[in-house]
Structures are given as structure tokens and as C-alpha cells.
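Input: a single structure, listed below in C-alpha cells.
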Amino acid sequence: MTSVYAGVPGVVETNEDRGETTLVVDPARLVEACTYLRDERGFNFLSDVSPADYLGWGEQAVSGYLGTASGRDLNDPSTQGLERVPGPKPKRFSVSYQLLRVSEDPARLRVQVWLDDGEPVASVIPVWPAADWFEREAWDMLGIRFEGHPNLVRILMPDEWEGHPLRKDYPLGGEPVRFSDED
Amino acid sequence: MATFARRPIYRGSRIPRRVPTILDVDPDRHNLEDVLTVNFGPNHPSTHGVLRLVVDLDGETVVGIRAVIGYLHTGFEKNMEAKSWWKSVTYSPRIDYLSFQANELLYVMAIEKLLGLEVPRRATWARMALAELNRIHSHLVWLGTSALELGAISLFWYCFDDRDAILDLFEMAGGTRMHTRYFQAGGLAEDLPPGFVAETRRFCAKMPSSVDEYEALLSGNAIWLERTKGIGLLSADDALALAQSGPMLRASGVNWDLRKHMPYLFYDQVDFGVPVYPGGDVYDRYKVHLDEMRESVRIVEQCLDRLEQTDGEAWVADDRKVVLPPRHELHTSMESLIHHFKIVTEGYRVPEGEVYVVIESPRGEAGCYLVSDGGPRPWRVRFRAPSFAALQATATVVQDCLIADLIAVAGSLDPVMGDADR
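Line order of the protein sequences matches chains A and B.
Start counting the first sequence at 131; every next residue gets the next number (the numbering used here).
Start counting the second sequence at 90; every next residue gets the next number (the numbering used here).
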């Protein structure tokens, strides 16, 4: 099947779902693909850089609508399992670049790369300067390293913060207590 | 009624050059010994919320600037991932506390897209009416506080008077003045109360003359013109490169409004104009805000017509797996009782998938990226905050301005810190 986005360099997979197109791109060729999309396909607006952590994806117990195979925590009903095991993900982290074409022929497109923990990806600041703060937030919240970013420091959390709060292994309410008796 | 020239959306260089997000002092142009670094905020009365600006001054000229955010970071996204889908709806309006209704709409629309849920038309018209009232509300707060920061105190009271009238309408519809949680997946939490349409019409009749008054107070004021014209310049190319949106983009001459160019809800069925000004300065941003309020009133009036026509129709989708059953059925129907129990205890399940939904909030492109694993809780919630993007332009718009203008320029970006920091 030929898609409208045939010819984009480095595309591993093209997904159409709910009217949205996702191009999964080889991380090594991300900048090449983005430059092509900007120059040849007119995607002149980077709407967002949306990272996600898939640690533990699909590992909740599988259940029918009532009761689970592994039993059910009655004190916390929302912890019960899924009806169906979700499709596998290639790696732990995804970074989605939400593109927009501001022109008479508007369109949206998602470019996605998959990364392991600690695996770096090239910064797209040379393609879209707006990526600067978005990438800093992705580093701050999920610890994704962007190579070539001129100033990859925390943006929302304090500079001396440890850990990346939006990772799935970072507990809710896991912040250290300041000014406690032990200080 | 204002009419707006049909102009091309964007005719410019498609390849943006590098634009600074941090402005460093240029040692060739300034003697570093003369440069004084001043910390502005985060608790400065003239910054919008807890924004901190580290400013390098050479005399009165701003030669370097760094915006520091994060003082209002409350972990909304992390919290929402720990709540069931229908409980997390309450979080979304609190992110951008001035355009609460728009954020609620955004999140609910994203859930509906994942569910593939159809919303009844009456609910859609009500959503549009409230979202546009919310736009007027947000612009009024912007106008009042921006004028206040430049010394025009009286305007602040006038704006907040009208804002109060809008909050009364929200109270009438949803029971609370802000953060109503009036929208839910499938439609509304309740039907609009009788009298809402009449009350809103009364407001719509009054609002345009109020906007004219504000314009007369400011546009005829020499001090206001002196302090806003030709200040805080942002070109169309830079605005697009920095992902600016909403009034920021339209004041830089880019004719771009999602309601017009990528319509959602029923925006393609109403008549309204998109104000575009080419100057890219603080004054043009002010003009865009004023015109948008007038256009929003027109949209609200058209929505009210449709609400009258659809009186008595369904205001929520009839999907018992997602929407709570009507209260009276709980006493007679076992099925309804089970559905009610399931939704309240574990929440509804949303099919696996990922979506990115974007609406034109009062601040521009507000996006929501959702990932579901098929369970009762969102796997990933991410908000694309227009305030966050707007603050990224600080270093570009204040280059070589005077310290006194910094207030006007930073205010014209219209940042809401809750939105920027989430």
C-alpha cells in the first residue's frame, strides 16, 4: 500500500489509527526525516514533543469483565487487570514529534522514535527551533537525552532534583521530604 | 461589525533560522563590567504569576534574558495517570486556570476520540457556547491585568466586572464558577438549566459595547499607545519557528486559527472572523484580543440560537458503559445499578491507542496526547501548553528593549503559569 508519506527517509513503519498518521522513524535518521518533512512536505510548525514511558506495558493481569486470573485487590478495585493484552512496544520509551502544516492545505502528522533507557536521540532544534524547551522538558520529566541540544538542563523541576518524575518506576508522591527531623 | 480582509495564511520563508530562547550578553557590543544582572520574580507583582526572569541590564537596556519556569509545577500529568479516566477529567481545567473550560473540552474530546464516542448535537452547541464564553473570560483577565501592569488601574475593575458576569453564567450551568467539570466524555454533566439562554443573551447584548468602551479607554490613551506600539516585536517567521500560536501568531500577521482552518465541534457551521494584524508588537496583540472578544460574542449568539432549537434533545451520549445512567433508573433497573457501580468504582475502559487532539484555546494551540493500554486509567497524559511555548519566545521579543517595557512585553505573551508548569 502506498501512503501519502512514501519517500520519507528512515521510516520503519506507518500507522493509521483514528484518522491520525504516525511515522515510526529509525532514531539514527530522525533529523534527516524531519528536515525532509519540513522542506519537502511543508511541516513548518512543531506542535509538541511528547515522550512516553512504556515500562510495565501490558504486564497487568488479564481479566474478563468480572474477576481476574491473579485475583483482585478489593481495597483498590482500579488496580485490576486489563481485558486484553495490549500490543507489544519495541522499546521502553517513545518520543512523538507532533507536526503541523500551517498553510492552505493544513495537516497533522506524528513522527515517532523508540528508545531504550539511556539511548540518546539527535535534537531537532536545527529543524524546528521550538524543540528547545520541549526537549528540555522531555529530559527533565523522562530522562531522554537529546544529542546536540545546546542547553539540556532541567526546566520544570529544581536543578538539583534526582530522578525523572514521569517515569513509570518513579513513585507517585515519591518526592523527598525537606526540612524533616533528620536534617 | 468588524470584517477582516481575506489574507493568505502564511507566505514566508519555510526554513526558520535559529532563534534564541536564551539571550546571552554579547561581549562585543557591551562592556561586561557595566552589565548588571537583576532577578525579576518569581514573586514580583508585575509578572504574570510565578514567572522568573533573570535580566542582564546595560543601563536601562535589556541585553540578556533567561526565563525560568517551574515554580508552579504540580505534577498534573503524573497525577492523572494514577486516576481513572473519568476522575482525571477534574484535573484538566485546573492546568490552565483562566481557560479552564477549553482545557476540559480538550481532554474530554481526546477521551472521546479514543472511545470513538459520538456526542449529541445539543451537547456540542453547549460546549461551543461555554468555550467561547471562556475565551472572553480569559481575554478579559489578560486585558485587565496587562493594563494594570502599565498603570491603567481602572480598566482592571471594568474587566473584572464583566468577567464576573461570565462566571455567573458558568455557575448557572455547572454549579461552580471555575473548574466546572461540566463537560464529560459523551456530553455534558447535566442539561443547561432553564433561563441560561436568556441570561447569556443579556450578557451578549451588553458585551460588545463594553469592548468598545475598553478600546476607547486604551486606544485613545497616549500613554498606552506610547508603551505598546512598536514594542516586543516578533516576526511571522520567528513566531512559527518558535511554535507560537493563538493571538501571538495572529498579531504577527499569520492568518491561522484552528477553528477556521482545521474546524472541530461545529465551528464550520458558524459565521465568525479571524482578526489578523501584521505588526507583531504589543499593540497588535492587544487589538487581536479585543477583536476576538467581539467575534466570540457572535459565536455565542449563534450557539444560543441552536440551543433554543435543540431544546429538550439529548445532552449526553446514550452509552451506558461510559456515561452514568439517569438517577431515577437506579431505583428500578438492576442493569443501571450495575453500570453505575462499575463506572464509579473502577471507571470505564478506553480502548488501546494513542491520539493527539488539538483545539484553539484562548492562548492558541492547546494539545492533548493520550495513550491508553485498554485499562480504566490513562497510560500517558501529556498537555501541549500554549503558555509554555509562548514563554519560549521571551528572549526573542525583548531583545534590546528597555527595562520598563519588559513588563508590557512579558505580559503580552499572555502566559498562565499553571499552564506553562503543569
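Here a beta-carbon is modelled for each residue, glycine too, at the ideal position from N, C-alpha and C.
Coil, strand or helix - residue i by DSSP
| i | result |
| --- | --- |
| Leu-232 of chain B | helix |
| Cys-490 of chain B | coil |
| Tyr-300 of chain A | coil |
| Asp-510 of chain B | helix |
| Ala-260 of chain A | coil |
| Pro-181 of chain A | strand |
| Leu-204 of chain A | In this predicted model, Leu-204 of chain A has a pLDDT of only 47, less than 50, meaning its place in the structure is not dependable; the value taken from the coordinates is given anyway. If DSSP states are grouped into helix, strand and coil, Leu-204 of chain A belongs with coil. |
| Glu-316 of chain A | With chain A covering 131 to 313 only, the question about residue 316 of chain A has no answer from this structure. |
| Ala-191 of chain A | Only weak support exists for where Ala-191 of chain A lies, its pLDDT of 49 falling under 50; the value from the coordinates is given anyway. Note: Ala-191 of chain A maps to coil in three-state DSSP. |
| Tyr-366 of chain B | coil |
| Thr-110 of chain B | coil |
| Ala-82 of chain B | The question about residue 82 of chain B has no answer here: the residues shown for chain B are numbered 90 through 511. |
| Leu-173 of chain A | As written in the sequence, residue 173 of chain A is Phe, which differs from the Leu given in the question. Three-state DSSP puts Phe-173 of chain A in coil, outside helix and strand. |
| Val-232 of chain A | coil |
| Ala-199 of chain A | Legend: pLDDT at Ala-199 of chain A = 44, less than 50; position of this residue unreliable, value from coordinates given subsequently. Of the three classes helix, strand and coil, the one that applies to Ala-199 of chain A here is coil, per DSSP. |
| Leu-396 of chain B | helix |
| Ala-497 of chain B | helix |
| Glu-381 of chain B | helix |
| Lys-221 of chain A | coil |
| Leu-502 of chain B | coil |
Residue i versus residue j - alpha carbon distance
| i | j | result |
| --- | --- | --- |
| Leu-176 of chain A | Leu-206 of chain B | 28 Å |
| His-350 of chain B | His-228 of chain B | 21 Å |
| Glu-221 of chain B | Asp-270 of chain A | 34 Å |
| Thr-63 of chain B | Gly-369 of chain B | What the structure shows of chain B is the stretch from 90 to 511, and residue 63 of chain B is not part of that stretch, so it cannot be assessed. |
| Gly-197 of chain A | Val-412 of chain B | With a pLDDT of 41 at Gly-197 of chain A, under the threshold of 50, the predicted position of this residue should be treated as unreliable, and no value is reported. |
| Pro-250 of chain A | Trp-244 of chain A | 10 Å |
| Asp-251 of chain B | Met-261 of chain B | 16 Å |
| Asp-185 of chain B | Ala-330 of chain B | 24 Å |
| Arg-366 of chain B | Gly-159 of chain B | Note on residue identity: the sequence assigns Tyr, not Arg, to residue 366 of chain B. Going by the C-alpha atoms only, they are around 32 Å apart. |
| Glu-443 of chain B | Thr-152 of chain A | 10 Å |
| Arg-416 of chain B | Ser-334 of chain B | 42 Å |
| Arg-409 of chain B | Pro-236 of chain A | 36 Å |
| Ile-430 of chain B | Lys-176 of chain B | Per the sequence shown, residue 430 of chain B should be read as Phe rather than Ile. Near 14 Å, if we compare the C-alpha coordinates of Lys-176 of chain B and Phe-430 of chain B. |
| Trp-174 of chain B | Tyr-271 of chain B | 15 Å |
| Tyr-166 of chain A | Asp-326 of chain B | 19 Å |
| Thr-213 of chain B | Glu-279 of chain B | 13 Å |
| Arg-471 of chain B | Ala-268 of chain A | 11 Å |
| Pro-157 of chain A | Pro-181 of chain A | 14 Å |
| Ile-427 of chain B | Arg-210 of chain B | 28 Å |
| Thr-150 of chain B | Glu-304 of chain B | 30 Å |
| Ala-156 of chain B | Leu-185 of chain A | 33 Å |
| Phe-264 of chain A | Leu-277 of chain B | 33 Å |
| Asn-344 of chain B | Val-363 of chain B | 7 Å |
| Pro-440 of chain B | Leu-204 of chain B | 6 Å |
| His-162 of chain B | Leu-396 of chain B | 38 Å |
| Gly-263 of chain B | Val-283 of chain A | 42 Å |
| Ser-476 of chain B | Lys-221 of chain A | 31 Å |
| Leu-160 of chain A | Val-141 of chain A | 9 Å |
| Val-230 of chain B | Glu-162 of chain A | 43 Å |
Check whether residue i and residue j have beta carbons under 9 Å apart
| i | j | result |
| --- | --- | --- |
| Leu-195 of chain B | Val-460 of chain B | no |
| Thr-110 of chain B | Pro-259 of chain A | yes |
| Ile-312 of chain B | Leu-237 of chain B | no |
| Val-143 of chain B | Val-124 of chain B | no |
| Leu-232 of chain B | Cys-248 of chain B | yes |
| Glu-277 of chain A | Ala-252 of chain A | yes |
| Glu-449 of chain B | Arg-473 of chain B | no |
| Ser-188 of chain B | Asp-508 of chain B | yes |
| Arg-466 of chain B | Gly-436 of chain B | yes |
| Cys-457 of chain B | Glu-390 of chain B | no |
| Pro-336 of chain B | Glu-381 of chain B | yes |
| Cys-392 of chain B | Val-359 of chain B | yes |
Partner residues on chain D for residue i, Cβ-Cβ distance less than 7 Å
| i | result |
| --- | --- |
| Ile-184 of chain B | As a matter of chain content, chain D is missing from the structure shown, whose protein chains are A and B. |
(Q) Going residue by residue through the stretch 296–362 of chain B, where are the continuous alpha helix (DSSP H) segments of at least 4 residues, counting only ones entirely within it? (A) 311–317, 325–330, 336–340, 347–350
Q | Runs of alpha helix (DSSP H) wholly within the stretch 425–491 of chain B (minimum 4 residues, chain order) | A | 475–481, 483–486
Q: Could you name the residues of the stretch 462–483 of chain B whose beta carbon sits closer than 7 Å to any beta carbon of chain A, in the order they occur along the chain?
A: Residues of the stretch 462–483 of chain B with a C-beta atom less than 7 Å from some C-beta of chain A are Asp-462, Gly-463, Gly-464, Pro-465, Arg-466, Arg-469, Arg-471, Arg-473, Phe-477, Ala-478, Gln-481, listed in chain order.
Q) Of all the alpha helix (DSSP H) runs that stay within the bounds of the stretch 206–271 of chain B, which reach a length of 4 or more residues? A) 210–238, 242–263
Q) Any residues in the stretch 225–244 of chain A with a beta carbon nearer than 8 Å to a beta carbon of chain B? Which ones, in chain order? A) Ser-226, Gln-228, Leu-230, Val-232, Ser-233, Glu-234, Pro-236, Arg-238, Arg-240
Q | Positions along the stretch 278–295 of chain A whose CB lies within less than 8 Å of some CB in chain B | A | Asn-281, Arg-284, Ile-285, Leu-286, Met-287, Pro-288, Pro-295
Q) In chain order, which continuous runs of the alpha helix (DSSP H) of length 4 or greater are located wholly inside the stretch 119–185 of chain B? A) 165–170, 174–177, 181–184
(Q) At a CB distance below 8 Å, what residues from the stretch 432–455 of chain B approach chain A? Give them in sequence order. (A) Thr-434, Glu-435, Gly-436, Arg-438, Glu-441, Gly-442, Glu-443, Val-444, Tyr-445, Val-447, Glu-454
Q.
Can you pull out the residues from the stretch 285–316 of chain B whose beta carbon lies closer than 8 Å to at least one beta carbon of chain A?
A. none
Q) Of the residues that make up the stretch 175–190 of chain A, which ones have a beta carbon closer than 7 Å to any beta carbon in chain B? A) Listed by position along the chain: Phe-175, Leu-176, Ser-177, Asp-178, Ser-180, Ala-182, Trp-187, Gly-188, Gln-190.
Q: Taking a Cβ distance cut-off of 9 Å, strictly less, list which residues of the stretch 150–162 of chain A are near chain B, in chain order.
A: Glu-150, Thr-152
Q: Anything in the stretch 194–212 of chain B with a Cβ closer than 8 Å to a Cβ of chain A? List those residues in chain order, please.
A: Lys-202, Leu-203, Gly-205
Q. Using Cβ-Cβ distances below 7 Å, what residues of the stretch 259–270 of chain A are close to chain B?
A. Cβ contacts with chain B: Pro-259, Ala-260, Asp-262, Trp-263.
Q | Near-chain A residues of the stretch 348–376 of chain B - C-beta to any C-beta below 7 Å | A | So the list reads His-350, Met-351, given in the order they occur along the chain.
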